[in-house]
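Please read the structure below before turning to the comments.
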Amino acid sequence: MKKIIIANWKMNPSSAKEAERILNGVKKTAVRLKKTQVVICPPFIYLNNLKKIIGKSANLSLGAQNAFWEVEGAFTGEVSPEMIRNYGGSYVILGHSERRALGETDEIVSKKTLTCLKTGLKTVVCIGEKIRDEQGDYLVFLRDEIRNSLNKIQKKFLKSVIIAYEPIWAIGKKDTEAMSPADIHEMAIYIKKILSEIYGQESALAVPILYGGSVGGGNAGNIIKSGGVDGLLVGHQSLKPENFSEILMSAENF
Ligand code: PEP
1 MKKIIIANWK
11 MNPSSAKEAE
21 RILNGVKKTA
31 VRLKKTQVVI
41 CPPFIYLNNL
51 KKIIGKSANL
61 SLGAQNAFWE
71 VEGAFTGEVS
81 PEMIRNYGGS
91 YVILGHSERR
101 ALGETDEIVS
111 KKTLTCLKTG
121 LKTVVCIGEK
131 IRDEQGDYLV
141 FLRDEIRNSL
151 NKIQKKFLKS
161 VIIAYEPIWA
171 IGKKDTEAMS
181 PADIHEMAIY
191 IKKILSEIYG
201 QESALAVPIL
211 YGGSVGGGNA
221 GNIIKSGGVD
231 GLLVGHQSLK
241 PENFSEILMS
251 AENF
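Have a look at this one:
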């Protein structure tokens, strides 16, 4: 299975010109990769422009950072999964902790996930605990978050689901402050166990598990090598083409 490296640009950059500059920088490295799938998730508004730069590059794709659960209608300000597809997106990130902090519940994530999967988008469902307590309550929290966020998802859709484990306490820091590869490995196994309880082992083991939280050039290689994950979700470092390219090369050469 190819490693999947996803760039979450969040609400950046401020202009289409800058978005094009970043993507052109990343593309130089991305098109040379053989074992790595690169997914760029810019703000919706840049998708159409960036689609033209991506062209037919097989290992470089576009995605969105959110989508609505209805197909069309009177939902002011929302963007449907179909619109994302028509604008060149083949992936979508759902349930990011920054959206959950704005009020997005597991129920909402589950509804959005179902519509996105029905539309044919590869759907990245984000999970992650706020803190790590010594009693291990975070494990119960994660179990419930996985179960509830996938509540509406039948087994037949699972092949297009990707889980991104992003411990909130590890997001937006220096790469020396990310979770350790050993702890990431433990969590990847735990997430597969929870998925196995819901969908059975065979289907569960095929779901890619990504890690996100302060990934940079300095730690990407070790996380891929020893973290037991199938890829990475990268935030602030994905806006710097050289740094992101370094992460891509680590995934390619691990
Ligand atoms: C994120 O918010 O999805 C993320 C991984 O951020 P960062 O890489 O900046 O920690």
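Residue 1 is where the sequence shown starts when you use our numbering, and the numbers rise one by one after that. We put the CB at the ideal spot given by N, CA and C, even for glycine. What you are looking at is a predicted structure, and each value in this text was computed from that prediction instead of being measured.
| query | result |
| --- | --- |
| Cβ-based neighbour list, Q37, same chain, cut-off 6 Å, excluding 5 preceding and 5 following | K2, I4 and N59 |
| Near the ligand PEP: V229 beta-carbon under 7 Å from a heavy atom | no |
| Proximity test, E145 beta-carbon vs the ligand PEP heavy atom, cut-off 7 Å | no |
| Y87 - DSSP class collapsed to helix/strand/coil | coil |
| Counted within 10 angstroms of its Cβ, other Cβ atoms place D230 as buried (16 or more) or exposed | buried |
| Nearest-angstrom beta carbon gap, L121 and G89 [assumed within contact, 8 Å] | 7 Å |
| Whole-angstrom distance between V79 and G73, CA atom to CA atom | 10 Å |
| Identity of the residue in N49, E197, F44 and R32 nearest V92 by Cα | F44 |
| Inter-residue Cα distance where the pair is S250 and G227 | 13 Å |
| Distance cut-off 7 Å: S214 Cβ against heavy atoms of the ligand NAD | The ligand content of the structure shown is limited to the ligand PEP, which means the ligand NAD is not among them. |
| Beta-carbon spacing of K10, A67 below 8 Å | no |
| Close beta carbons around L205, own chain, < 7 Å, minus the five adjacent residues each side | K192 |
| Straight-line gap, R32 to G103 (C-alpha atoms, nearest Å) | 40 Å |
| Opening and closing residue of the beta strand (DSSP E) in which Y165 lies | V161 to Y165 |
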